[in-house]
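Visitor: Residue numbers for the first sequence, in the numbering used here: 2 to 945.
From the three backbone atoms N, C-alpha and C, an ideal C-beta is built for every residue, glycine too.
This structure is in structure tokens; I'll ask about it shortly.
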Amino acid sequence: MKYHFNDIEAKWQEYWAEHQTFKAENKSDKPKFYVLDMFPYPSGAGLHVGHPLGYIASDIYARYKRHKGFNVLHPQGYDSFGLPAEQYAIQTGQHPSITTEANIKTYRRQLDQLGFSFDWSREVRTSDPKYYKWTQWVFIQLFESYYCNDADKAMPINELVDAFKAEGNARINAACDDDVEIFSANEWNAFSSEKKQEILLKYRLTYLAEAEVNWCPALGTVLANDEIVNGVSERGGHPVIRKKMTQWMMRISAFAERLLQGLETIDWPEPLKEIQRNWIGKSVGASVTFKIKEHDAVIDVFTTRPDTIFGASFMTLAPEHDLVNQITTPDQKAEVEAYVEATAKRSERDRMADVKTISGMFTGAYAEHPFTKEPIPIWIGDYVLAGYGTGAVMSVPCGDQRDYDFAKHFNIPIPNIFEGIDISEEAFADKDNTIIANSDFLNGLKYKEAVRKAIEELEKLGQGQGKINYRLRDAVFSRQRYWGEPFPVYYVNGLPQMIDEKHLPLTLPEVEKYLPTETGEPPLGNATHWAWDTKTNKVVSNELSHSASDTESINGVYPLELNTMPGWAGSSQYFNRYMDPHNSDEIFSQDAINYWQQVDLYIGGSEHATGHLLYSRFWQKFMFDKGLVPYDEFAKKLINQGMILGTSAFAYRLEGENKFLSKGLIGDKEVQPIHADVSFINSSDELDIEAFKKWRPEFKDAEFVLEDDVYKVGRDVEKMSKSKYNVVNPDQICEQYGADSLRLYEMFLGPLEQAKPWNTAGITGVHSFLKKLWKLYYDDNGLKISDTEPTKENLKTLHKTIKKVEEDIENFSFNTSVSTFMIAVNELTAQKCTTKQILEPLLVLVSPYAPHIAEELWAALGNQGSIATAPFPVFEETYLVESSKNYPISFNGKMRFTLELPLDMSKEDIEAAVLANEKTQEQLQGREPKKVIVVPGKIVNIVG
RNA sequence: GCUGAAGUGGUGGAAUUGGUAGACACGUUGGACUUAAAAUCCAAUGGCCAUUAUGGCCGUGCGGGUUCAAGUCCCGCCUUCAGUACCA
């Protein structure tokens with residue numbers, strides 16, 4: 002019988018679906034294990050062979066854990082809100098839900114054909130109102146909370162209100178906006194309701210703020226910091242400018258320290274933790290207040306080097322700093338304004354690209370040094386960033402290279418405060434190897450003591466204190482898009498009100514156009530029915546309220562929020578929702594969360610380090626503070642799978658001519674490489690010229706210069722992408738070799754965490770392994786399994802395979818166990834093994850990797866039901882224990898010959914046996930050895 | 001610049017605590033079976049020198065060191081990839 006993989010795979014996929022083989026129950030006598038993949042965004046292009054790598058790895062692990070007797074939760078779903086479906090809607094007018102639905106169908110078909118053991122009964126989609134009901138719900142919970150720094154956790158906002166009533170806010174230690182005014186209890190109680198709401202908004206964990214945001218004109222929306230790469234948008238690469246807008250924000254900065262500390266408690270890859278640490282960007286130092294001469298205003302700065310305060314010879318403000326206008330003297334005004342304007346015009350990208358040019362302007366104003374009371378000139382300069390710290394620095398040119406360069410450029414004095422250090426060429430930034438000088442009370446102190454002393458003295462003056470600063474900024478949570486979660490928010494007199502939980506979900510309205518309105522409002526501004534009736538608690542026609550810009554209402558009908566939530570909203574709690582996905586009363590039941598607790602293994606790409614993976618940790622900590630989840634980290638272990646790269650092919654066109662040269666003929670001629678679709682290339686890198694011409698009609702008359710009668714292309718490894726024409730479709734691979742071959746090959750390609758190029762040619766190796774495996778069970782006459790007793794060799798092969806495969810899976814080195822299988826099958830074939838006692842457990846070992854063939858042979862051996870529930874074979878050491886071993890005998894570290902010796906001999910006996918051996922004597926030629934080193938079971942080395 | 005990871009045949013990659021480097025696979029070459037091809041099977045395959053041989057020498061980015069023994073440990077470099085970038 003032949004190995005008909007297509008039939009076998011279709012048959013078992015159907016069987017699993019029909020029997021719900023992988024459905025997980027929320028209770029079990031078995032221990033639980035939760036294996037999670039990062040759910041995909043269902044794009045129109047479908048899957049390529051690079052996408053399922055992580056899913057295959059997690060599937061192997063999930064199947065392995067089932068064999069090991071665990072109750073495994075292995076769900077899958079779709080992150081189905083997103084830009085591409087919306088862009089398509091803008092172009093075609095088709096509703097994004099239709100596009101999304103179609104794409105999901107394709108994804109599901111492609112995932113199913115790979116034989117994953119997902120529990121599809123728990124599928125979630127972020128764009129499903131039944132799902133985003135709970136995204137909206139979490140948003141409301143965040144709105145109803147503030148962060149208490151004393152308790153170091155999120156607390157109900159009502160408790161804050163009670164505190165305000167009782168004692169005002171002077172002694173409240175909570176995360177809040179910078180511009181909160183101090184008020185007493187009496188003042189609070191006298192405030193109008195609006196005023197109270199405005200104040201509370203400055204404390205809530207999600208809040209509205211007029212903030213400088215990253216506006217992307219081409220996409221018509223704002224972007225979060227992590228959605229900008231090299232100053233352009235991550236999606237599409239469009240320019241991004243700074244703009245002030247009123248936006249929903251997430252007060253993630255309140256959680257900065259816990260997000261940092263939490264990294265120590267989770268088993269995530271070190272590089273990824275490092276990225277998050279950098280992103281959070283903790284620095285310890287001091288805030289210092291400088292008075293401004295002849296002004297009431299003061300400048301607050303943050304510095305990590307308060308010990309160098311006597312070296313401060315000027316101050317620098319970011320050009321965008323609020324004080325610039327106030328303090329600039331009349332005779333400097335024109336120049337300062339020109340400079341500010343010039344800086345504002347430069348895009349983020351220009352500013353980043355050009356960090357060497359030093360520019361700045363003197364404001365004419367002077368600050369006063371807190372200790373010496375000397376005047377310090379105040380400059381503005383674009384090397385100071387508005388977005389970090391306070392947007393102002395005390396410049397210490399002798400201790401900071403940027404300050405040094407600025408001072409040199411503008412001829413500002415550079416006082417030296419380091420004992421015995423030469424600063425004539427560059428600043429001295431090494432804080433550990435110096436003693437402070439010329440610094441009054443800091444003289445003679447080392448870095449650490451000087452910092453402490455400086456802060457102490459600043460505190461005495463009331464002009465500073467120790468401070469920890471974080472780079473992590475609050476996250477913008479509004480997007481000016483259609484295809485996202487609507488905010489459950491309406492506005493009364495311009496102040497946001499939450500829709501009551503029991504009226505969720507607030508579903509997306511229908512709109513005619515998916516573009517912004519003519520007045521520049523987000524796409525939801527096009528909806529005719531987008532107002533909230535507070536009497537009926539229903540969405541009603543806009544006509545019943547005033548226009549969206551009006552804040553008054555008629556008859557209790559108010560305008561609804563026009564922004565939608567960003568992509569990461571829906572992905573920040575999905576892992577918990579899988580535990581109880583159909584619950585319509587709660588986000589998840591306490592029974593479900595207490596049973597599954599947290600993700601035991603999460604597999605996905607490291608590109609989400611500062612996005613999804615950070616935001617999810619933030620939401621989880623919030624949910625933990627609310628008492629809704631038992632752990633404040635959602636994933637115990639995380640693995641980043643490496644990308645599978647494509648191998649692009651290039652045809653070379655002679656510059657300016659319609660003529661292509663085969664790769665070997667280029668020499669030093671000027672050629673332009675043009676991507677050729679990899680499907681036109683055979684395994685010898687030869688191009689199918691006719692197919693190429695048909696595909697690119699502009700070259701249909703081109704001349705192709707051949708070498709050895711063929712046109713050879715050049716190859717290069719790049720990211721697998723449609724635009725590079727190097728995409729390999731898993732559908733084709735499955736059809737030609739089967740899903741089991743694809744699964745094995747993706748694992749065989751190399752270590753899971755490493756990036757590696759795809760090369761379809763290599764798949765024949767694993768495919769022929771599967772055929773050999775099949776032949777172990779079947780020959781031309783049918784099944785050839787017997788009940789004979791296994792031989793010693795049979796048992797040895799089986800048990801060393803069990804040991805290796807078990808170790809490999811536990812260590813996630815799936816690539817080496819594929820080799821182990823190949824060796825085992827070759828050995829068993831050579832041993833002519835037909836014993837059921839060997840071949841049956843072998844199938845369980847193979848089953849996580851190649852589940853279809855394992856099921857088929859398992860059934861052929863007469864087993865009922867799925868192999869998925871069979872126990873993993875138990876490794877027994879006794880079958881591997883040998884009585885003798887070929888010892889390598891080396892002389893002076895150089896291998897000479899091997900000698901078979903019993904393994905249970907003592908060191909002394911081995912030494913005596915080796916020395917008595919005639920080959921040894923031959924080597925020694927009568928000389929006495931200086932030393933004999935014996936490592937039992939390993940090696941014998943004779944030093945002469 | 002800073003941080004992190006990694007350098008092993010033509011290629012992807014194996015090598016417990018230092019203990020016979022190159023497992024396994026691709027590719028290549030030769031052979032068998034075929035009218036032929038595909039498929040399958042067998043053999044060879046790190047380099048150099050030998051071939052009367054079960055032979056010799058060199059080999060894990062480079063230069064040193066420790067050790068009877070180093071891909072693995074130590075010191076100093078080089079290169080590549082990834083992340084990050086005026087963070088005060």
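With a threshold of 7 Å on Cβ separation, who are the neighbours of T309 within its own chain once the five nearest residues in sequence on each side are excluded?
Guide: If we look at T309 and ignore the five residues flanking it on each side, its Cβ neighbours are V397, G400, I418.
Visitor: In this structure, how does DSSP classify T611 when only helix, strand and coil are distinguished?
Guide: Coil, per DSSP.
Visitor: Could you please give the first and the last residue of the uninterrupted alpha helix (DSSP H) stretch that includes F705?
Guide: No alpha helix (DSSP H) holds F705; the beta strand (DSSP E) holding it covers 704-706.
Visitor: Considering W380, what are the terminal residues of the beta strand (DSSP E) in which it resides?
Guide: Segment 376-382, the beta strand (DSSP E) holding W380.
Visitor: Short of 7 Å in beta carbon distance, which residues of its chain neighbour F411, apart from the five on each side in sequence? Order them along the chain.
Guide: Contacts found: G361.
Visitor: Tell me which same chain residues have a C-beta within less than 7 Å of the C-beta of L707, skipping the five on either side of it?
Guide: Answer for L707: S663, listed in chain order.
Visitor: Measure the C-alpha to C-alpha separation of Q466 and I456 and round it to an integer number of angstroms.
Guide: So the two alpha carbons sit approximately 6 Å from each other.
Visitor: Could you give the first and the last residue of the continuous alpha helix (DSSP H) run that contains M748?
Guide: Unbroken alpha helix (DSSP H) run through M748: 740-749.
Visitor: Which residues in the same chain as T290 place their Cβ atom closer than 7 Å to its Cβ, once the five residues preceding and following it in sequence are excluded?
Guide: Answer for T290: V299, D301, Q464, G465, listed in chain order.
Visitor: Do you know whose CA, among K346, T830, I276, lies nearest F770's CA?
Guide: Nearest option by C-alpha distance: T830.
Visitor: Going by DSSP in three states, K274 sits in which element: helix, strand or coil?
Guide: K274: helix per DSSP, three-state reduction.
Visitor: Exposed or buried, what is S550 when buried is set at 16 or more other beta-carbons lying within 10 Å of its beta-carbon?
Guide: Low local confidence applies: a pLDDT of 48 at S550 is under 50, so the model's placement there is unreliable, with the coordinate-based value given in what follows. S550 comes out exposed.
Visitor: Could you tell me the distance, in whole angstroms, from the CA atom of I200 to the CA atom of V162?
Guide: Their Cα atoms are separated by approximately 10 Å.
Visitor: By a C-beta neighbour count over all protein chains shown, 10 Å radius and 16 as the cutoff for buried, is T802 buried or exposed?
Guide: Answer is buried; the Cβ neighbour count reaches 16.
Visitor: Could you give the distance in angstroms between the alpha-carbon of E909 and the alpha-carbon of T899?
Guide: Their Cα atoms are separated by approximately 18 Å.
Visitor: Assign S146 to buried or exposed, taking buried as 16 or more other Cβ atoms, counted over all protein chains shown, within 10 Å of its Cβ.
Guide: By the 10 Å Cβ count, S146 comes out buried.
Visitor: In whole angstroms, what is the alpha-carbon distance linking Y340 and I424?
Guide: Rounded to the nearest angstrom, the two C-alpha atoms are 30 Å apart.
Visitor: My output table needs one value for V729: the three-state DSSP class, helix, strand or coil.
Guide: Residue state, collapsed to three classes: coil.
Visitor: Over the uninterrupted alpha helix (DSSP H) stretch that includes N190, give me the two end residues.
Guide: That run of the alpha helix (DSSP H) goes 186-191.
Visitor: With G647 and N730 assumed to form a contact (beta carbons below 8 Å), what rounded beta-carbon distance in angstroms separates them?
Guide: Wrong, their Cβ atoms sit about 12 Å apart, outside the cutoff.
Visitor: If you count every other CB in all the chains shown that lies within 10 Å of the CB of D741, and 16 or more means buried, which is it?
Guide: Buried, because 16 or more other Cβ atoms sit within 10 Å of the Cβ of D741.
Visitor: Give every residue of the same chain whose Cβ lies closer than 6 Å to the Cβ of T107, excluding the five residues on either side of it in the sequence, and list them in chain order.
Guide: The answer, listed in chain order, is G47.
Visitor: Going by beta carbon distance, what residues of the same chain come within less than 7 Å of K920, once the five residues before and after it are set aside?
Guide: Counting only Cβ-Cβ distances below 7 Å, and skipping sequence neighbours, we find F898.
Visitor: Using the Cβ count rule (16 or more neighbours within 10 Å means buried), how would you classify R110?
Guide: Burial call: exposed.
Visitor: Should the segment 62-69 be regarded as contacting the segment 37-52, the criterion being three or more beta carbon pairs within less than 8 Å?
Guide: The answer is no - the segment 37-52 does not touch the segment 62-69, with fewer than three Cβ pairs under 8 Å.
Visitor: How big is the Cα-Cα spacing for Q673 and Y653?
Guide: Rounded to the nearest angstrom, the two C-alpha atoms are 6 Å apart.
Visitor: Kindly list the residues whose CB is nearer than 7 Å to the CB of H613, restricted to its own chain and excluding five residues on each side of it in sequence; keep chain order.
Guide: Cβ neighbours of H613 beyond the five flanking positions: W569, S572.
Visitor: When the Cα atoms are used, what is the spatial distance from P930 to G894?
Guide: So the two alpha carbons sit approximately 13 Å from each other.
Visitor: Per DSSP, F661 is paired with what?
Guide: Answer is R654, F705.
Visitor: With 16 as the cutoff for other CB atoms within 10 Å, does R618 come out buried or exposed?
Guide: That one is buried.
Visitor: For H676, write down the residues that DSSP places opposite it in a beta bridge.
Guide: F651.
Visitor: Under three-state DSSP, which class holds C217?
Guide: Here C217 sits in strand by DSSP.
Visitor: Roughly how many angstroms separate the alpha carbons of W484 and P97, rounded to a whole number?
Guide: The alpha-carbon atoms of W484 and P97 are separated by roughly 7 Å.
Visitor: Would you tell me roughly how many angstroms separate the C-alpha atoms of A219 and H239, rounded to the nearest one?
Guide: Approximately 6 Å between the Cα atoms of the pair.
Visitor: Nearest by alpha-carbon distance to V600: which of K833, Y16, F34, M2 is it?
Guide: Measuring from the Cα of V600, the nearest candidate turns out to be F34.
Visitor: Counting only the same chain and skipping the five closest in sequence on each side, list residues whose C-beta sits under 6 Å from that of Q77.
Guide: Excluding sequence neighbours, Q77 sits near F119.
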